[in-house]
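S.K.: Pasting in a structure now, in structure tokens, and then I'll have a few things to ask.
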Amino acid sequence: MQQYLITAYDYTDPEALQRRLAVRENHLAGARRLKATGNFLTGGAILDADGKMIGSMMVAQFATPEELAAWQRDEPYLTGRVWEKVDIRPFRMADV
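Under UniProt numbering, the residues of the sequence shown are numbered 1 to 96, in order.
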């Protein structure tokens, strides 16, 4: 499977944190499903200097580009307008 480094930064409008919190449980449930199928490798929230969530980082793997696209189509932080800027790059975890 191809691994991907996914780095995403939240919108910065006044309602951004509220949107994040509104869909957070659905986002985490999706990550748990990806973990159960072996697609989710690691990830978490990106924090600012005050500890406020401002984005997310994830390493995931998908067998096909179509599986990656399906994840993007259904990801609550994308459909819920939480992530404004998303960067997805091919990645290879070090075997350490």
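Here a beta-carbon is modelled for each residue, glycine too, at the ideal position from N, C-alpha and C. Since the structure is predicted, the reported quantities are computational estimates derived from the model, not experimental observations.
(1) What residue from L47, V82, L41 and M93 has the CA that sits closest to D13's CA?
(2) Please report the Cβ distance between Y4 and A60, rounded to the nearest whole angstrom; I am assuming they are in contact, meaning their Cβ atoms lie under 8 Å.
(3) Distance check for V96 and K85, CA to CA, integer angstroms please.
(4) Below 8 Å CB to CB, which residues in the same chain sit around A22 once its five sequence neighbours on both sides are set aside?
(5) Figure out for me which residue from A94, T64 and L68 has the closest Cα to the Cα of I6.
(6) What whole-angstrom Cβ distance do L75 and G30 have, given they're in contact under 8 Å?
(7) Thinking C-alpha only, which one of A63, Y11 and Q2 is nearest I54?
(8) Taking the alpha-carbon positions, what's the P90 to R24 distance?
M.R.: In short:
(1) V82
(2) 6 Å
(3) 30 Å
(4) G80
(5) L68
(6) Residue identity check: residue 75 is Glu in the sequence provided, not Leu. Right, the Cβ-Cβ distance comes to about 7 Å (below 8 Å), so this counts as a contact.
(7) Y11
(8) 25 Å
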